[in-house]
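When we follow the working numbering, the leftmost residue of the sequence shown carries the number 2, and every step to the right adds one. Encoded as structure tokens, the structure appears first; notes follow it.
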Amino acid sequence: DLSTVTQEEGSTRRKRAARRQRRARADTIIVPAKQDGFERVFLGENQWYAIRIGAAMKDRIKYIAAYQIRPISGVTHIAPVKEILPYQDSGKYIVIFQEPAQKLDRVIELGRPERSPQGPVYAVREELLNANKLEDALT
């Protein structure tokens, strides 16, 4: 029915608009990480690489947060960003931390499994740290 389609389109438009507004204020990139890479690179080398970052976002990112995939399924650490440099000739970037990543007081769990980040997502640091669930910081 036409009214249902129109309502769904309106809902989709509102979600996109909210995502654009959040992205315009975002200062944090959240990257998904497997346990071995997380421990070796994020914690061990104080950096993360081969990240897709949009040109408009590159200069706004001040923090990087790690979303550890299963079994943790949540954001566990955050670090201030020192610099973002091109990574090889890949069109991607390496993010170098200003200091070692800090473990959060609590894991910011996913909420709904179907919403797990499959690539980098952007958030506002304060909203992320105050979120009950990750999706709260991403809506």
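Don't be surprised by glycine CBs; every beta carbon is placed ideally from N, CA and C.
When C-alpha distances from Lys83 are compared across Asp90, Thr77 and Phe98, the shortest belongs to Phe98. Between the segment 16-27 and the segment 96-111 there are fewer than three inter-stretch CB-CB distances shorter than 8 Å, so the stretches are not counted as touching. Relative to the Cα of Ala124, the nearest Cα in the group Ala51, Ile62, Trp49 and Pro33 belongs to Ile62. When DSSP states are grouped into helix, strand and coil, Ala132 belongs to the coil group. According to the DSSP secondary-structure assignment, Gln69 is paired through a beta bridge with Ala34 and Gly75. For Lys104, the enclosing beta strand (DSSP E) covers residues Gln103 to Glu110. With respect to Ile85, Val96 sits close: the two C-beta atoms are nearer than 8 Å.
Glu46 carries a coil assignment under DSSP once its states are collapsed to helix, strand and coil.
Secondary structure of Ala27 (DSSP, three-state): coil.
Separation of the CB atoms of Tyr64 and Val76 is rounded to 11 Å, and the pair is thereby denied contact status at 8 Å. In the DSSP annotation of this structure, the continuous segment of the alpha helix (DSSP H) that includes Lys59 starts and ends at Ala56 to Lys59. Cβ neighbours of Lys104 within its own chain (closer than 8 Å, five residues either side excluded): Thr77 and His78. With contacts defined by Cβ atoms closer than 8 Å, Thr29 and Leu129 form a contacting pair. Bridge pairing for Phe98: Val82 [DSSP].
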